[in-house]
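For the record, the sequence lines run as chains A and B. If you count the first sequence from 1, position 98 lands on 197 in the numbering used here, and the numbers rise without skipping. If you count the second sequence from 1, position 84 lands on 183 in the numbering used here, and the numbers rise without skipping. Glycine is no exception: its CB is placed at the ideal position from the N, C-alpha and C atoms. Written out below as structure tokens is the structure these notes cover.
Protein chains: 2
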Amino acid sequence: MHPLTRSRQDYLKALFLLEAEGAAVPTSRLAAHLGVKAPSVTNMIARLAADRLVRHSPRAGARLTAHGRREALRIVRRHRILETFLVRVLGLDWSLVHDDAEILEHHISDRVLGAIDRLAGHPAEDPHGHPIPDAAGHLARRSLVSLAALPRGARALVREIQDLDGPRLARWKEIGLVPGASVRVREVRGLEGTVELEVAGRRHVTGSAALAGVMVERAMEGGSRGA
Amino acid sequence: MHPLTRSRQDYLKALFLLEAEGAAVPTSRLAAHLGVKAPSVTNMIARLAADRLVRHSPRAGARLTAHGRREALRIVRRHRILETFLVRVLGLDWSLVHDDAEILEHHISDRVLGAIDRLAGHPAEDPHGHPIPDAAGHLARRSLVSLAALPRGARALVREIQDLDGPRLARWKEIGLVPGASVRVREVRGLEGTVELEVAGRRHVTGSAALAGVMVERAMEGGSRGA
DNA sequence: CCACTAAATTAGCTTTACCTAACGTAGTAG
DNA sequence: CTACTACGTTAGGTAAAGCTAATTTAGTGG
Chain A
100 MHPLTRSRQD YLKALFLLEA EGAAVPTSRL AAHLGVKAPS VTNMIARLAA DRLVRHSPRA
160 GARLTAHGRR EALRIVRRHR ILETFLVRVL GLDWSLVHDD AEILEHHISD RVLGAIDRLA
220 GHPAEDPHGH PIPDAAGHLA RRSLVSLAAL PRGARALVRE IQDLDGPRLA RWKEIGLVPG
280 ASVRVREVRG LEGTVELEVA GRRHVTGSAA LAGVMVERAM EGGSRGA
Chain B
100 MHPLTRSRQD YLKALFLLEA EGAAVPTSRL AAHLGVKAPS VTNMIARLAA DRLVRHSPRA
160 GARLTAHGRR EALRIVRRHR ILETFLVRVL GLDWSLVHDD AEILEHHISD RVLGAIDRLA
220 GHPAEDPHGH PIPDAAGHLA RRSLVSLAAL PRGARALVRE IQDLDGPRLA RWKEIGLVPG
280 ASVRVREVRG LEGTVELEVA GRRHVTGSAA LAGVMVERAM EGGSRGA
């Protein structure tokens, strides 16, 4: 019943991204994700709830309604098409496009979105590997695991990079850890919190915390133990 | 001292565009141009004056300071590069791009602007013929006259279309009245307020009020009187 | 000179979306 | 059971940018 302002859109999108497992999202998580204080969240959630975009039981967190989810997917779609466009057509680096897309997603008309989508080749995934919802709001569901969670010897296919940290993205690109790449876990040193990976024939040692956002599809094991 | 919000940018740009002849811009004109009420303008002008972006003598209208003009030119540059990009790269019609550019001009980063400018071929003019200020804020000055003001028999070169009305722009395109076109005034019927033009070998009768925004460069006369 | 009009300004209110400070509640530790 | 802590909510405040209604000012006609 209210116009979907930039802020409201941001809350809906954040809710969608944090809801992942269907669990309600606590106020504090939303606040952290959006970079605002908790009272602002309580307040905004109440307003979104009044418009039936989210449901909210006091002290139990918020979740999107079907209507809210539809709006959220619209924004996610815009964001991901924009990122793809910025990389594929404008030639920007994938480690830099997030912030621009974050703003532009709220300000382009459907007409411009359509043209951008066409120019980018109607992509099904954005440059970080995230699936792009179609215009009807359908999103391919995947079950991926974090590369940080794989045991020694596992092989996997990189599918999504959920991290937003620019320098880190640049690093992943440098070593070839991008969607589509094959990777193998050579060594896991839990005590030190490091992992040794093999990507494109080369080995790299990385902090496993940094790998949390690298989502992979585990491959069938083929002689994983030895050399 | 304040951040240049979208609104502030809009006021500066409007001021720049309306200042044309160096005359101070009255409150009412700004209000009409921006689609807000007069008190909102008085108020905002006071705030911009506090930041030394405009100068304002009560009841005498506002004018930009050098600093304000610099900021205004930045926005004008963005707007015109965006329009060119939307037409040349995204393939949108010139009659439709204004509104999109009007919003996007406030929301793209310098990085994206640079990429867009490159893709559009570093244009010197936008699709409506307006010169694009360079990055340093220099704008080619022209002295054009309105096509509506030309006498019978005059020949001219169309340089800029200052009109924003979509359907009208579509009409001009249809008859070939676009920047670069040669036009000749065949007849002026002042009483009826119509003009008969010859464009690309064909004649068209048009209300002269509608032609006010078609800015031309008058050509040397060559046997203008007779057939 | 007075009255009227048009334009500009002042005063005061609204909405959005944030904030801090104070308060409540639920779950854990002793 | 009590006390502590973390988190959430309530209360109340701010800044931006708009609005309406009332007032002031400047210019014009009689």
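Check	Outcome
Reference residue 106/B; option with closest CA among 171/B, 293/B, 190/B	171/B
Spatial distance of residue 297/B from residue 291/B (CA atoms)	18 Å
Three-state class that DSSP yields for residue 136/B in the structure shown	coil
Helix, strand or coil at residue 197/B according to DSSP, with G and I counted as helix	helix
Spatially closest choice to residue 328/A from 153/A, 279/A, 177/A, 294/A, by CA coordinates	Because chain A in this structure spans residues 100 to 326, residue 328/A falls outside the shown range and cannot be described.
Distance CB(residue 166/A)-CB(residue 204/A) smaller than 9 Å	no
Exposed unless 16 or more other CB atoms sit within 10 angstroms - verdict on residue 326/A	Confidence at residue 326/A is low in this model, with a pLDDT of 38, below 50, so its placement is unreliable and the value that follows should be read with caution. When all chains shown are included, residue 326/A counts as exposed.
For residue 260/A, the three-state DSSP class (helix, strand or coil)	strand
Touch test, the region 264–275 of chain B against the region 186–195 of chain B, Cβ-Cβ under 8 Å, three pairs minimum	yes
Euclidean distance between Cα positions of residue 232/A and residue 225/A	10 Å
Nearest residue (CA-CA) to residue 238/A, options 186/A, 285/A, 173/A, 267/A	173/A
Per DSSP, cross-strand counterpart(s) of residue 224/B	230/B
Residue 378/A - partner residues in DSSP beta bridges	Since the first and last residues shown for chain A are 100 and 326, residue 378/A lies out of range.
Where the beta strand (DSSP E) through residue 242/A begins and ends	That residue, residue 242/A, is in no beta strand (DSSP E); it is neither H nor E in DSSP.
Among 301/B, 200/B, 279/B, nearest to residue 263/B - alpha-carbon criterion	200/B
Cutoff 8 Å; reference residue 315/A; Cβ partners in own chain excluding five residues on either side	243, 244, 245, 246, 249, 255, 256, 257, 258, 282
Close Cβ partners of residue 127/B (< 7 Å) along its chain, the five nearest in sequence each way excluded	137
Identity of the residues DSSP links to residue 281/B by a beta bridge	256/B
Best match in 176/B, 319/B, 130/B, 184/B for proximity to residue 161/B [C-alpha to C-alpha]	130/B
Residues that residue 296/B bridges to, as DSSP identifies them	284/B, 303/B
Through-space distance from residue 148/B to residue 267/A, alpha-carbon basis	44 Å
Cβ-heavy atom distance, residue 167/B to the ligand FMN, below 8 Å	Among the components modelled here there is no ligand, and therefore nothing to report on the ligand FMN.
Proximity test, Cβ basis, 9 Å: residue 180/B and chain A	no
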